[in-house]
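S.K.: First the structure, then my questions, so here it is.
Number of protein chains: 2
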Amino acid sequence: MTHLPMLLEEQDLAGALEWLETQPPYAIADEIARMDEVQSVITFRLLDKDRALEVFEELDPVDQQQILEGLRDQAFRDLVENLDPDDRARMLKEAPAKVAKRVLAGLSAHERQMTAALLGYPEGSVGRFMTPETVALQQDLAVGEALEVVRRRGARAETIYTLPVVDRGRRLTGIVELRELVLSEPTAMVSELVVTEPPRAQATEPAEAAARLMRETNVLDLPVVDSEDRLVGLLTSDDAFEVIEAADTEDVARQAGAEPLERHYMSASVFQLSRTRMVWLLLLLVAATLTVSVNQAFESTLESVTQLALFVPLLIGTGGNTGAQAATAAVRALAVGEVRTSDLIRVIWRECRTGLLLGLMLAVVGFAVGAVFVGADLAAVVAITLIVICTWASTVGGTMPLLAKKLRIDPAVVSAPMVTTLVDATGLVIYFTTAKVVLGI
Amino acid sequence: MTHLPMLLEEQDLAGALEWLETQPPYAIADEIARMDEVQSVITFRLLDKDRALEVFEELDPVDQQQILEGLRDQAFRDLVENLDPDDRARMLKEAPAKVAKRVLAGLSAHERQMTAALLGYPEGSVGRFMTPETVALQQDLAVGEALEVVRRRGARAETIYTLPVVDRGRRLTGIVELRELVLSEPTAMVSELVVTEPPRAQATEPAEAAARLMRETNVLDLPVVDSEDRLVGLLTSDDAFEVIEAADTEDVARQAGAEPLERHYMSASVFQLSRTRMVWLLLLLVAATLTVSVNQAFESTLESVTQLALFVPLLIGTGGNTGAQAATAAVRALAVGEVRTSDLIRVIWRECRTGLLLGLMLAVVGFAVGAVFVGADLAAVVAITLIVICTWASTVGGTMPLLAKKLRIDPAVVSAPMVTTLVDATGLVIYFTTAKVVLGI
Numbered sequence: 001m002t003h004l005p006m007l008l009e010e011q012d013l014a015g016a017l018e019w020l021e022t023q024p025p026y027a028i029a030d031e032i033a034r035m036d037e038v039q040s041v042i043t044f045r046l047l048d049k050d051r052a053l054e055v056f057e058e059l060d061p062v063d064q065q066q067i068l069e070g071l072r073d074q075a076f077r078d079l080v081e082n083l084d085p086d087d088r089a090r091m092l093k094e095a096p097a098k099v100a101k102r103v104l105a106g107l108s109a110h111e112r113q114m115t116a117a118l119l120g121y122p123e124g125s126v127g128r129f130m131t132p133e134t135v136a137l138q139q140d141l142a143v144g145e146a147l148e149v150v151r152r153r154g155a156r157a158e159t160i161y162t163l164p165v166v167d168r169g170r171r172l173t174g175i176v177e178l179r180e181l182v183l184s185e186p187t188a189m190v191s192e193l194v195v196t197e198p199p200r201a202q203a204t205e206p207a208e209a210a211a212r213l214m215r216e217t218n219v220l221d222l223p224v225v226d227s228e229d230r231l232v233g234l235l236t237s238d239d240a241f242e243v244i245e246a247a248d249t250e251d252v253a254r255q256a257g258a259e260p261l262e263r264h265y266m267s268a269s270v271f272q273l274s275r276t277r278m279v280w281l282l283l284l285l286v287a288a289t290l291t292v293s294v295n296q297a298f299e300s301t302l303e304s305v306t307q308l309a310l311f312v313p314l315l316i317g318t319g320g321n322t323g324a325q326a327a328t329a330a331v332r333a334l335a336v337g338e339v340r341t342s343d344l345i346r347v348i349w350r351e352c353r354t355g356l357l358l359g360l361m362l363a364v365v366g367f368a369v370g371a372v373f374v375g376a377d378l379a380a381v382v383a384i385t386l387i388v389i390c391t392w393a394s395t396v397g398g399t400m401p402l403l404a405k406k407l408r409i410d411p412a413v414v415s416a417p418m419v420t421t422l423v424d425a426t427g428l429v430i431y432f433t434t435a436k437v438v439l440g441i
Numbered sequence: 001m002t003h004l005p006m007l008l009e010e011q012d013l014a015g016a017l018e019w020l021e022t023q024p025p026y027a028i029a030d031e032i033a034r035m036d037e038v039q040s041v042i043t044f045r046l047l048d049k050d051r052a053l054e055v056f057e058e059l060d061p062v063d064q065q066q067i068l069e070g071l072r073d074q075a076f077r078d079l080v081e082n083l084d085p086d087d088r089a090r091m092l093k094e095a096p097a098k099v100a101k102r103v104l105a106g107l108s109a110h111e112r113q114m115t116a117a118l119l120g121y122p123e124g125s126v127g128r129f130m131t132p133e134t135v136a137l138q139q140d141l142a143v144g145e146a147l148e149v150v151r152r153r154g155a156r157a158e159t160i161y162t163l164p165v166v167d168r169g170r171r172l173t174g175i176v177e178l179r180e181l182v183l184s185e186p187t188a189m190v191s192e193l194v195v196t197e198p199p200r201a202q203a204t205e206p207a208e209a210a211a212r213l214m215r216e217t218n219v220l221d222l223p224v225v226d227s228e229d230r231l232v233g234l235l236t237s238d239d240a241f242e243v244i245e246a247a248d249t250e251d252v253a254r255q256a257g258a259e260p261l262e263r264h265y266m267s268a269s270v271f272q273l274s275r276t277r278m279v280w281l282l283l284l285l286v287a288a289t290l291t292v293s294v295n296q297a298f299e300s301t302l303e304s305v306t307q308l309a310l311f312v313p314l315l316i317g318t319g320g321n322t323g324a325q326a327a328t329a330a331v332r333a334l335a336v337g338e339v340r341t342s343d344l345i346r347v348i349w350r351e352c353r354t355g356l357l358l359g360l361m362l363a364v365v366g367f368a369v370g371a372v373f374v375g376a377d378l379a380a381v382v383a384i385t386l387i388v389i390c391t392w393a394s395t396v397g398g399t400m401p402l403l404a405k406k407l408r409i410d411p412a413v414v415s416a417p418m419v420t421t422l423v424d425a426t427g428l429v430i431y432f433t434t435a436k437v438v439l440g441i
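Put into structure tokens, the structure is as follows:
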């Protein structure tokens, strides 16, 4: 029976897992009680959620306390970081709601983020941002009694304005607002004031989605539950705002072909600033060699009408601008939920017509500019190219973010510079081909 | 005495103003009492704030009601819209807090926005977004009494979680959170729980600044006061969030050289989509004719080494990307308050070095690409140009938003396309000059 500590010593997590699966909860609790803090925590985290709760309940309060403290501990954190990713993933399954809540309570926002990782909440998930300190109510209380509960336990909670209502098994059944309690008669029943089936988020789901849901449903705080709908915490509007602000900052940076800075702009070093921008610049530079190839392919066209070169920056610049506008509009519309990936065909059709309309208007000016600098022939080439390029750029720019999202890539990665670079190369092909056809070269 | 109605009939606002200045409040109240709704409202809105309050207090309740209703009225709204801008500005000075609060109460968010304009709150100001329905407390209450006030008047208020504390003259002296009241003994005094000198916003100041202040100070709701610090309402976190989201959407659109859509992306017509993008595209196209001139100026250089043309899209593209990254980073840093206009010199220096570092790294790749397509000579020109263009683009891109803000222009107007277009033209000059020097043309 005592070979579990040995398996752990040898870091044989698979063996330990096998052993744990065959033992009854009380036997596991017994083993845990004899272990040192780190070993007991590892053993505990290897259990799946239901078993973990059973074992936890079997433990003496002093051993329970050891596990809770161990889960917050730097030693455990270091150990998890040194595991190989497979073992780490196996270990960090979602912890039981009851344990998670107690581990996270009393930590600062920063410590909470660090510790939430050890409880199995992935990076950027709701579990990393929620507060576990809530005042949960039972449905069968009178308003006066409920206010008593709030008074007794509210000082420790981060917010008491949203009060989750749970059943005996900590399953979320509704929420009630403090406002309703305060404005009602003390003899009224909480059950009359409860909003049932409230919007909620799972602790493991992306925080941004939860924050946007809060905005749409206009709730002050969003209850957070585990995969069995047991209450683990609340996402406050404060936290939600921070999540959305960070997501927006990331989108904005990505739209310009950069990664978001992890720190304050003025305190970041020049090297850190460069690093956020370098990768995309390099990729785009490599992609831009395509334009060199296109130019080379049409070298004879360029040589026979050297004046064609005059308009290259103007044409690809305009194409890039049109594409960037469409891409940015699509990324934002996706972010705030105005467009879904299922709208793809409709977006293509909208952007195609928008680009055509823009191209037609710009062609008038383009023709005038061309006529001033060169002749009407070349001006016609410029005008026609503008129409085709704008239609193409707008369609590509508007479509690519949706395609990215379909492929589960962050749509904001389809940056304005990326669209611009793509439109540069294809724009040149459009330009030279138009020139060949119109001028009969 | 009765020539006021005549002056109004003739739309002689200047004359009416002069008359009003010479009369005592009771006489004006007397005149107002005889007028029809529209005339009485106009007269009332012509008074400056202090006089307006004095006159208002002199009026019978029924006449007060007439003014309040008139201020919400469509007829008055139409009339104001048809005034010429000078008269309109003269008329729509800030209304007294007491009157403003009563006019706005009970209106929907949309009606409130429309009506707030008639009370003298400029577009985009806090007054257009705030809720006037608050529960204000007096400092000398006990907690139990204060909760009684909240119970009695809370149902009508939009929020009761933040309770502004005012003195006898409705001047804001602090706030107290409902949380504090609920968790304290009923016999404690409100004065012990009050947060004095709370952050606040003036109704006439920009809503975005107020919303960002809320985020920084982490308050749930922000008290809104008039120019004499009298309470007029609360900006709730909900409203603040909406303000910031709209501002971000605007920034994002402007960054791509477009105006924000006023409606849902999918419901906007192709014509509306085009309109948001057209103006900038046209301006940028006109600006891009500069690149045609530059190309023309260097035509002899281009003709003597025709291969120079191969790299034009790649070079100006990379310059544009670098500039766009820097501009976007600067605009966002300004928006979230990480950078101030006083940081101008430091930002120039940072972006200059960042651009240089990026340019040096890109030059290595650029040289390799050049060497593959053409010879080492031309590759050297490409590499040197990349270094100079990146340094220049990064500096210009990072600096222009700050300069725009200094000139009180929205920094986001310094869009990526604008920087790109500017860098296109100057980049060509850098490229051809470098070629002339290095190749000795």
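Residue numbers (full-length UniProt numbering), protein chains in the order written: chain U, 1 to 441; chain E, 1 to 441. Heads up, the beta-carbon is just placed ideally off N, CA and C, and yes, glycines get one too.
What residue range is occupied by the uninterrupted alpha helix (DSSP H) comprising residue 290 of chain U?
M.R.: Locating residue 290 of chain U in the first sequence gives position 290, counting from the first residue. Run containing residue 290 of chain U: 270-297, per the alpha helix (DSSP H) assignment.
S.K.: I believe residue 329 of chain U touches residue 416 of chain U by the beta-carbon criterion, under 8 Å. Please report the beta-carbon distance rounded to the nearest angstrom.
M.R.: As a working note, residue 329 of chain U is residue 329 in the first sequence. As a working note, residue 416 of chain U is residue 416 in the first sequence. Actually they do not touch by this definition, with Cβ atoms about 11 Å apart.
S.K.: How far does the beta strand (DSSP E) with residue 387 of chain E in it extend, from its first residue to its last?
M.R.: Locating residue 387 of chain E in the second sequence gives position 387, where the first residue counts as 1. Per DSSP, residue 387 of chain E belongs to no beta strand (DSSP E); it is in the alpha helix (DSSP H), 376-406.
S.K.: What residues in the stretch 242-258 of chain U have a beta carbon less than 9 Å from any beta carbon of chain E?
M.R.: 242, 244, 245, 248, 249, 251, 252, 253, 255, 256, 257 and 258
S.K.: Going along chain U in order, which residues have a C-beta closer than 7 Å to the C-beta of residue 237 of chain E?
M.R.: Counting from 1 along the second sequence, the entry for residue 237 of chain E is found at position 237. The contacting residues are 237.
S.K.: Let me make sure I understand the geometry here. Which of U:35, U:69, U:99 and U:38 has the alpha-carbon closest to that of residue 54 of chain U?
M.R.: Position 54 of the first sequence, counted from the start, is the residue given in the question as residue 54 of chain U. Of the listed residues, the one whose Cα sits closest to residue 54 of chain U is U:99.
S.K.: Measuring only the C-alpha atoms, how far is residue 348 of chain E from residue 223 of chain E?
M.R.: The residue labelled residue 348 of chain E in the question sits at position 348 within the second sequence. The residue labelled residue 223 of chain E in the question sits at position 223 within the second sequence. Approximately 38 Å between the Cα atoms of the pair.
S.K.: Check residue 222 of chain U in the structure and name its three-state DSSP category.
M.R.: For the purposes of this step, residue 222 of chain U is taken as residue 222 along the first sequence, with counting starting at 1. The answer is strand: DSSP assigns residue 222 of chain U an E or B state.
S.K.: What residues in its chain sit with their C-beta under 8 Å from that of residue 205 of chain U, if we drop five residues either side in the sequence?
M.R.: Start at 1 with the first residue of the first sequence, and residue 205 of chain U comes out as number 205. Closer than 8 Å at Cβ, skipping near neighbours: 125 and 126.
S.K.: Quick one: give me the first and last residue of the alpha helix (DSSP H) that residue 244 of chain E is part of.
M.R.: Here the question's residue 244 of chain E lines up with position 244 in the second sequence. Per DSSP, residue 244 of chain E is one residue of the alpha helix (DSSP H) stretching across 237-255.
S.K.: Are the stretch 388-395 of chain E and the stretch 420-431 of chain E touching, with three or more C-beta to C-beta distances below 8 Å?
M.R.: Touching, yes.
S.K.: Answer with yes or no whether the minimum CB distance from residue 358 of chain U to chain E is below 8 Å.
M.R.: Position 358 of the first sequence, counted from the first residue, corresponds to residue 358 of chain U. Closer than 8 Å: yes.
S.K.: Alpha carbon to alpha carbon, what distance is there between residue 368 of chain U and residue 431 of chain E?
M.R.: Indexing the second sequence from 1 puts residue 431 of chain E at position 431. Indexing the first sequence from 1 puts residue 368 of chain U at position 368. Approximately 27 Å between the Cα atoms of the pair.
S.K.: Decide yes or no for the touch test of the stretch 136-153 of chain U against the stretch 184-203 of chain U: beta carbon pairs closer than 8 Å, at least 3 of them.
M.R.: yes
S.K.: Determine the extent of the alpha helix (DSSP H) in which residue 444 of chain E is found, giving its start and end residues.
M.R.: The structure shown does not extend to residue 444 of chain E, since chain E is modelled only from 1 to 441, so the question has no answer here.
S.K.: Is there at least one Cβ from chain U nearer than 8 Å to residue 115 of chain E's Cβ?
M.R.: As a working note, residue 115 of chain E is residue 115 in the second sequence. So, not an interface residue.
S.K.: Assess, as a yes-or-no matter, whether the stretch 367-382 of chain U is touched by the stretch 400-420 of chain U under the definition of 3 or more beta carbon pairs within less than 8 Å.
M.R.: no
S.K.: For residue 96 of chain E, does the three-state DSSP call read helix, strand or coil?
M.R.: Along the second sequence, one-based indexing puts residue 96 of chain E at 96. In this structure, DSSP gives residue 96 of chain E a state outside helix and strand, which the three-state scheme calls coil.
S.K.: Entirely within the stretch 4-89 of chain U and at least 4 residues each: give me those alpha helix (DSSP H) ranges in chain order.
M.R.: Segments of the alpha helix (DSSP H) lying fully in the stretch 4-89 of chain U: 13-22, 25-34, 37-46, 49-58, 61-71 and 74-82.
S.K.: Measuring only between beta-carbons, confirm whether residue 389 of chain U sits less than 8 Å from chain E.
M.R.: To locate residue 389 of chain U, count along the first sequence from 1; it is residue 389. It does not: the Cβ of residue 389 of chain U has no partner Cβ on chain E nearer than 8 Å.
S.K.: Check the C-beta distance from residue 260 of chain E over to residue 250 of chain E and give it rounded, since I have them as a contact under 8 Å.
M.R.: On the second sequence, residue 260 of chain E is found 260 positions in, with the first residue counted as 1. On the second sequence, residue 250 of chain E is found 250 positions in, with the first residue counted as 1. Their Cβ separation, rounded to whole angstroms, is 4 Å, which keeps residue 260 of chain E and residue 250 of chain E in contact under 8 Å.
S.K.: Cβ atoms of residue 385 of chain E and residue 315 of chain E: under 8 Å apart, would you say?
M.R.: Counting from 1 along the second sequence, the entry for residue 315 of chain E is found at position 315. Counting from 1 along the second sequence, the entry for residue 385 of chain E is found at position 385. Yes.
S.K.: Using a 10 Å radius around the Cβ and a threshold of 16 neighbouring Cβ atoms, would you call residue 265 of chain E buried or exposed?
M.R.: For the purposes of this step, residue 265 of chain E is taken as the residue at position 265 of the second sequence. By the neighbour-count rule (16 or more Cβ atoms within 10 Å), residue 265 of chain E is buried.
S.K.: Does residue 375 of chain U get closer than 8 Å to chain E when you measure Cβ to Cβ?
M.R.: By 1-based counting over the first sequence, the position of residue 375 of chain U is 375. Not an interface residue.
S.K.: Suppose contacts are defined by Cβ-Cβ distances below 8 Å. Is residue 159 of chain U in contact with residue 177 of chain U by that definition?
M.R.: The residue you call residue 159 of chain U lines up with position 159 of the first sequence. The residue you call residue 177 of chain U lines up with position 177 of the first sequence. No, the pair does not count as a contact, with Cβ atoms beyond the cut-off.
S.K.: Using CA coordinates, which residue listed in U:247, U:80 and U:346 is at the minimum distance from residue 43 of chain U?
M.R.: Position 43 of the first sequence, counting from 1, holds the residue named residue 43 of chain U. If we check each option's Cα against that of residue 43 of chain U, U:80 comes out closest.
S.K.: Give me the Cβ distance between residue 301 of chain E and residue 435 of chain E, rounded to the nearest whole Å; I'm assuming they're in contact under 8 Å.
M.R.: Within the second sequence, the letter at position 301 stands for residue 301 of chain E. Within the second sequence, the letter at position 435 stands for residue 435 of chain E. About 6 Å; that satisfies the 8 Å criterion.
S.K.: So which residues on chain E does residue 417 of chain U lean against when the C-beta distance must stay under 7 Å?
M.R.: The residue you call residue 417 of chain U lines up with position 417 of the first sequence. Here the neighbours are 321 and 324.
S.K.: Write down the C-beta distance between residue 355 of chain E and residue 395 of chain E rounded to the nearest angstrom, noting that I regard them as a contact closer than 8 Å.
M.R.: The count along the second sequence starts at 1 and reaches residue 355 of chain E at position 355. The count along the second sequence starts at 1 and reaches residue 395 of chain E at position 395. Contact holds; Cβ gap of about 6 Å.
S.K.: Would you say residue 338 of chain U lies against chain E (beta-carbon separation less than 8 Å)?
M.R.: Start at 1 with the first residue of the first sequence, and residue 338 of chain U comes out as number 338. So yes, residue 338 of chain U belongs to the interface.
S.K.: For a test of the three-state rule: what should DSSP assign to residue 1 of chain E, helix, strand or coil?
M.R.: Position 1 of the second sequence, counted from the first residue, corresponds to residue 1 of chain E. Any reading at residue 1 of chain E needs caution, since the residue's pLDDT is 45, under 50, leaving its predicted position unreliable; the model's value is listed next. Coil.
S.K.: Note down, in chain order, all residues in the stretch 289-315 of chain E with a beta-carbon under 7 Å from any beta-carbon belonging to chain U.
M.R.: 289, 291, 292, 295, 296, 302, 303, 306, 309, 310, 311, 312, 313 and 314
S.K.: Assign residue 137 of chain E to one of three DSSP states: helix, strand, or coil.
M.R.: Indexing the second sequence from 1 puts residue 137 of chain E at position 137. Here residue 137 of chain E sits in strand by DSSP.
S.K.: Count the other C-beta atoms from every protein chain shown that fall within 10 angstroms of the C-beta of residue 75 of chain U, then say buried if there are 16 or more, exposed otherwise.
M.R.: Along the first sequence, one-based indexing puts residue 75 of chain U at 75. So residue 75 of chain U ends up on the exposed side.
S.K.: Going along chain U, which residues have a C-beta under 8 Å from residue 362 of chain E?
M.R.: Walking along the second sequence from the start, residue 362 of chain E turns up at place 362. Under the 8 Å cutoff, chain U gives 281, 282 and 285.
S.K.: Would you please verify whether the beta carbon of residue 130 of chain U is less than 8 Å from any beta carbon of chain E?
M.R.: Position 130 of the first sequence holds residue 130 of chain U. For residue 130 of chain U, the answer is no, since every Cβ of chain E falls outside 8 Å of its Cβ.
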